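Going down the list, the protein sequences come from chains A and B.
The numbering used here applies: residue 10 is where the first sequence begins, and numbers increase by one.
The numbering used here applies: residue 87 is where the second sequence begins, and numbers increase by one.
Report on one structure; see the data block that follows.
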Amino acid sequence: MLPPLDLQRTIDRTVREEWGRILASLINTVGDFQLAEDCLQDAVVSAISHWQKHGLPDSPAAWLITAARRKAVDRLRRQKNFAARQQEISYLADLGNVPADEFQAEIIPDKRLELIFTCCHPSLEEKTRVALTLRTLGGLTTQEIALAFLDKPEAMAQRLVRAKKKIRLAGIPYRCPGNDVLPERTASVLRVIYLIFNEGYSASAGDRLTRTDLIEEAIRLARIINQLMPEDAETEGLLSLMLLHDSRRFARTGKSGELIPLEDQNRGRWDKAKISEGARILERVLPMQRLGPYQLQAAISAVHAQSPTWHETDWVQIEALYHLLYTIQPSPVVRVNQAVAVSYSRSPEAALSMLSEAASAGVLDGYQPYFAARADILARAGKTNEARKTFITAINLSDNKLEKAFLRDRIARL
Amino acid sequence: MQYMLLIYATEGSGPQPGTDEFGPFMKGYVDFTEDVKQAGKFVAGDALQPIATATTVSVQGGKTETMDGPFAETKEQLGGYYLLDCEDLDEAVRYAAMIPTAEHGHVEVRPVMIWDS
Chain A
10 MLPPLDLQRT
20 IDRTVREEWG
30 RILASLINTV
40 GDFQLAEDCL
50 QDAVVSAISH
60 WQKHGLPDSP
70 AAWLITAARR
80 KAVDRLRRQK
90 NFAARQQEIS
100 YLADLGNVPA
110 DEFQAEIIPD
120 KRLELIFTCC
130 HPSLEEKTRV
140 ALTLRTLGGL
150 TTQEIALAFL
160 DKPEAMAQRL
170 VRAKKKIRLA
180 GIPYRCPGND
190 VLPERTASVL
200 RVIYLIFNEG
210 YSASAGDRLT
220 RTDLIEEAIR
230 LARIINQLMP
240 EDAETEGLLS
250 LMLLHDSRRF
260 ARTGKSGELI
270 PLEDQNRGRW
280 DKAKISEGAR
290 ILERVLPMQR
300 LGPYQLQAAI
310 SAVHAQSPTW
320 HETDWVQIEA
330 LYHLLYTIQP
340 SPVVRVNQAV
350 AVSYSRSPEA
360 ALSMLSEAAS
370 AGVLDGYQPY
380 FAARADILAR
390 AGKTNEARKT
400 FITAINLSDN
410 KLEKAFLRDR
420 IARL
Chain B
87 MQYMLLIYAT
97 EGSGPQPGTD
107 EFGPFMKGYV
117 DFTEDVKQAG
127 KFVAGDALQP
137 IATATTVSVQ
147 GGKTETMDGP
157 FAETKEQLGG
167 YYLLDCEDLD
177 EAVRYAAMIP
187 TAEHGHVEVR
197 PVMIWDS
């Protein structure tokens, strides 16, 4: 038997890995998010004390789901209208009576895709979709989710309770959407995953620049979706994009946590396994000719990842990819990135006029990356005074300490 | 499940009687009503007279108070409703999007409460 600390870790990891699949299957059986979650939580509590005494069972997933079904029977029997639910209860009791060691975890039907489509339903607020996905599929605790989004735990708990209530009362279906709405609903799922990743990658508030667990959770979720919907090119694109971004994790911050721009990163510290996985996905998916924003952003990231030095970056290709991205996603944000590419592929002056045009409608007024990019290009064009002023605007718009420090350093070096 | 589809729009917005657009707009409603009836989804549905005809009632200390006008002076007003029997929210949303007024106003989808016996 494992020593107590290792056992505890193994139990935690097993619960975390199996949580989404078991919960998805339980919701399918009991038809209620809250009830399923409460029962699984009860089962986890029993599992921890049982496994600490007797060691891990052969199939922890089977053990957990059997225990959770028994808990569901107990809870349903205690309910007022239990006579009306007699049929459901005996069905569950039958399922719960199969000894855990007699059935394999593999036969638990995989309902995770249904679950994520429900959690990312467009009738829920975006932040709620993110939180619900982390709670139900990721198995993160309410406390952990609240911490990640700098919310009060009570507020986050309230949000999750309201969401589960809405799913039940409003009749949000627990199934994969039909073909007529599949593309937009898949886009909503991918957006939630990318939001989780970005929250981990850029940490919009606070001191720490990356929150590794959110990054890993986003990549894990994308892998699950990819495995369940292998035909979807944009899911592959998103997975590739996140792997390529994340390959720079150890190179993008310095010893004291300061931000290191792509230009100055030690490329030897980039994660080659992640780069080659991300690139391999693109090689497979791009020839399918089902282009989308994630695949294009991944392709841009891959150009950087495969360039041996900053000076050898193929800016002409990056500019072309941003141009293509702008045609399918004409946002001012894409324009800003395209202008940065232009500043290298053509000239800083050409980039500045492109930026001025993009900013003319006032849409970039509060957009920090626009001012940071503009300031950098101004500096390279020799317009030091203007660059300084623009860096200050960028600093005032940032609420990340590390980012502010980085921009102040840029001013000092003008 | 039954869903109430509440149709909101600014009075005077959208196709007006006497214009070329009004005929096709009203035909859109006739067709929609026919569609939901054919599909066995229709429970009830009506258009309401304009808010100029509204009276708002409350009881204060046992005394009935009436007020001219709608309860809330909002930009968009309730102009009609459908009560439909749908599989789930996805189906209700699909029908809500087919209501002609959705193109210039809003349709609020509300599940009808089920009382546990």
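Glycine included, each C-beta is placed from N, C-alpha and C at the ideal position.
The model shown is predicted, which means the values in this text are computed figures rather than measured ones.
If you draw a straight line from the Cα of A:Lys174 to the Cα of A:Met297, it comes to about 41 Å.
In the displayed model, A:Arg257 falls within coil according to three-state DSSP, outside both helix and strand. Contact of B:Met112 with chain A is not assigned, every C-beta pair being separated by 8 Å or more. Leaving aside the five residues that flank A:Pro66 on each side, the residues in its chain whose CB is nearer than 6 Å to its CB run, in chain order, Trp72. If you look at A:Thr336, you'll find it in the alpha helix (DSSP H) that goes Trp324 to Ile337. Within chain B, Pro197 have C-beta atoms less than 7 Å from the C-beta of A:Leu178, given in sequence order. Using a CB distance cut-off of 8 Å, A:Ser197 does not count as an interface residue toward chain B. Less than 8 Å separates the beta-carbon of B:Ala140 from that of B:Gly155.
Taking the beta carbon of A:Ile181 as reference, the chain B residues within 9 Å of it are Asp174, Leu175 and Asp176, listed in sequence order. Interface flag for B:Met87 against chain A is set, since a Cβ pair is found closer than 8 Å. Interface with chain B (8 Å Cβ-Cβ cutoff): A:Pro192 is excluded.
Between A:Ile269 and A:Gly277, the beta carbon gap of about 13 Å keeps them out of contact (Cβ cut-off 8 Å). For B:Val143, the three-state secondary structure derived from DSSP is strand.
The beta-carbon distance between A:Ala70 and A:Ile20, rounded to whole angstroms, is 13 Å. This is too long to meet the 8 Å contact definition.
When the beta-carbon positions are compared, A:Val39 and A:Ala33 stay at least 8 Å from each other. The three-state secondary structure of B:Gly114, taken from DSSP, is helix. Secondary structure at B:Glu107: coil, using DSSP grouped into helix, strand and coil. Taking the Cβ atoms as the reference, A:Thr142 lies roughly 5 Å from A:Cys128, within the contact range of under 8 Å. Under the 8 Å criterion on CB atoms, A:Pro341 is classed as non-interfacial with respect to chain B. Taking a cut-off of 8 Å on C-beta distances, the region 341-354 of chain A touches the region 313-331 of chain A, as three or more cross pairs fall below it. The count of Cβ pairs closer than 8 Å, one atom from the region 361-368 of chain A and one from the region 333-349 of chain A, reaches three, so the stretches are in contact. As summarised for the region 162-205 of chain A, the continuous alpha helix (DSSP H) elements at least 4 residues long and confined to that stretch are 162-178, given in chain order. Contact check for B:Glu97 and B:Gln163: beta-carbon distance about 6 Å, within the 8 Å limit, so the pair qualifies. Taking a Cβ-Cβ cut-off of 9 Å, the neighbours of A:Pro186 in chain B comprise Asp176, given in sequence order.
When DSSP reads this structure, B:Ile93 sits in a beta bridge with B:Gly166 and B:Val193. Looking at A:Lys283, A:Lys136, A:Leu237 and A:Ile228, the one whose alpha-carbon comes closest to that of A:Gln167 is A:Lys136.
Residue environment for A:Gly375: exposed (fewer than 16 other C-beta atoms within 10 angstroms of its C-beta).
Residue burial is scored here from C-beta neighbours: B:Pro197 has at least 16 other C-beta atoms within 10 angstroms and is therefore classed as buried. Exposed is the label assigned to A:Asp273, since fewer than 16 other Cβ atoms lie within 10 Å of its Cβ.
Taking C-beta atoms as the reference points, A:Leu169 and A:Ala140 count as a pair closer than 8 Å. Within 10 angstroms of the beta-carbon of B:Ala138 lie fewer than 16 other beta-carbons, which makes it exposed. In terms of CA proximity to B:Gly100, B:His190 leads the group B:His190, B:Glu151, B:Asp171 and B:Glu177. For a cut-off of 8 Å, the C-beta gap from A:Ser132 to B:Leu175 is around 6 Å, short enough to register as a contact.
At the C-beta level, A:Leu199 and A:Thr244 come within 8 Å of one another.
Under the Cβ criterion of 8 Å, A:Ser132 is counted among the residues facing chain B.
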